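In the numbering used here, the protein residues as written are 332 to 626.
Ideal Cβ placement from N, Cα and C applies to all residues, glycine included.
This one's a predicted model, so the numbers in the text were calculated from it and none came from an experiment.
Below is one structure, written out as structure tokens; comments come after it.
Written out as structure tokens, the structure reads:
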């Protein structure tokens, strides 16, 4: 299969989709934080196609995970609805930003290079570093996600439209703040081709004080809807490869289902360590490729 100038093994893409689907199912994220950079770094897929096609794949994995987590009674629907309020606006803004970057170049080592891949890779490193530091600080401090009285600053913000969330044992959360979080996540989704769950997870756990399993089941509705909207916007710009998307979707829904089932059997500390390990491996791949380009 040829995507742009890259010749890609279909079996390798199917295997990648299966791995990303399982990770997404276990941790309640879309998996785009892995998929987009790996498509660009490992397979050499043009970055704009990797972004658009990753969003297409997230539609299936997020839907499977959403149904499974809802059946298990995990997740807070009101947070999902609050996130949706800002995420769609953010997705459109992120998509437009990527389109603007696609036509610009930058001089690296005396050679003109496309600006979009460099900006996106730097953004990925910063984003993944934030996620890693968030989880590392929480683990190092011995903080449990339910200990929101000591470590849940966002749940204590005195902003309008506050509601109680007894499902996750939180006394009050501002829906206005949640909507702004959704706006930022939507922007990352449209720009980087991820659902935003990888950033939402530490925000819910260590920002609001959600239990780990409840955090994994929250935000999936936002991932599903914003991924559909983002895919449509990128498809209008020609950034979605249907053959690549079909190969990614061949195994990812089943692996996402298996991953969501595994979540109930794994202890929370193991989930946190596993999530951090996946983030580190992805960040190392992006840093290696970025260093190779700027040399």
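* **Sub-7 Å separation of residue 364 and residue 525 beta-carbons** => The count along the chain shown starts at 1 and reaches residue 364 at position 33. The count along the chain shown starts at 1 and reaches residue 525 at position 194. Yes, the Cβ-Cβ distance between residue 364 and residue 525 is below 7 Å.
* Asked: Taking buried to mean at least 16 other C-beta atoms within 10 Å of its own C-beta, is residue 436 buried or exposed?
  -> As a first step, residue 436 is located in the chain shown; it is residue number 105 there, counting from the start. Burial call: exposed.
* Asked: Are the region 557 to 572 and the region 379 to 396 in contact at 8 Å, needing three or more beta carbon pairs?
  -> yes
* Given that a residue counts as buried once 16 or more other Cβ atoms are within 10 Å of its Cβ, and exposed if not, what is residue 399? -> Along the chain shown, one-based indexing puts residue 399 at 68. Per the 10 Å Cβ criterion, buried.
* Leaving out five residues before and five after residue 486 in sequence, what residues of the same chain have Cβ atoms less than 6 Å from its Cβ? -> As a first step, residue 486 is located in the chain shown; it is residue number 155 there, counting from the start. Once the five neighbours on either side are set aside, the close Cβ partners of residue 486 are 479, 501, 504, 539 and 540.
* Which residues does DSSP pair with residue 494 in a beta bridge? -> Residue numbering aside, residue 494 sits at position 163 when the chain shown is read from its first letter. DSSP, once it has assigned bridges, lists 504 as partnering residue 494.
* Ends of the alpha helix (DSSP H) at residue 382? -> Taking the first residue of the chain shown as 1, we reach residue 382 at position 51. From DSSP, the alpha helix (DSSP H) with residue 382 extends over 378 to 402.
* Thinking C-beta only, is residue 417 closer than 7 Å to residue 513? -> Start at 1 with the first residue of the chain shown, and residue 513 comes out as number 182. Start at 1 with the first residue of the chain shown, and residue 417 comes out as number 86. Cβ distance < 7 Å, so residue 513 and residue 417 count as in contact.
* Residue environment, residue 336, which counts as buried when at least 16 other CB atoms sit within 10 Å -> As a working note, residue 336 is residue 5 in the chain shown. By the neighbour-count rule (16 or more Cβ atoms within 10 Å), residue 336 is not buried but exposed.
* May I ask you to list the residues that DSSP assigns as paired with residue 434? => What you label residue 434 is simply residue 103 of the chain shown in a count that begins at 1. Answer is none; residue 434 lacks a bridge partner.
* To do: Measure the alpha-carbon distance for residue 386 versus residue 562 and round it to whole angstroms.
  => Here residue 386 corresponds to residue number 55 of the chain shown, with the count starting at 1. Here residue 562 corresponds to residue number 231 of the chain shown, with the count starting at 1. Cα-Cα distance, rounded: 6 Å.
* Simplified DSSP state of residue 584, which is helix, strand or coil -> Position 253 of the chain shown, counting from 1, holds the residue named residue 584. Residue 584: helix per DSSP, three-state reduction.
* Asked: Among residues of its own chain, excluding the 5 on either side of residue 341, which ones have a beta-carbon nearer than 6 Å to its beta-carbon?
  -> Against the chain shown, residue 341 aligns to sequence position 10. Contacts found: 332 and 578.
* Contact the region 578 to 594 vs the region 445 to 453: 3+ CB pairs below 8 Å -> no
* **Euclidean distance between Cα positions of residue 598 and residue 391** => Here residue 598 is taken as the residue at index 267 of the chain shown, counted from 1. Here residue 391 is taken as the residue at index 60 of the chain shown, counted from 1. Rounded to whole angstroms, residue 598 to residue 391 spans 26 Å at the Cα level.
* Going by the CB atoms, is the gap between residue 616 and residue 358 shorter than 7 Å? -> As a working note, residue 358 is residue 27 in the chain shown. As a working note, residue 616 is residue 285 in the chain shown. Their beta carbons are not under 7 Å apart, which means residue 358 does not touch residue 616 by this criterion.
* Asked: Leaving out the 5 sequence neighbours to the left and right, which residues in its chain are closer than 7 Å to residue 509 when beta-carbon positions are compared?
  -> Translated into the one-based positions of the chain shown, residue 509 becomes position 178. 410, 413 and 414, listed in sequence order.
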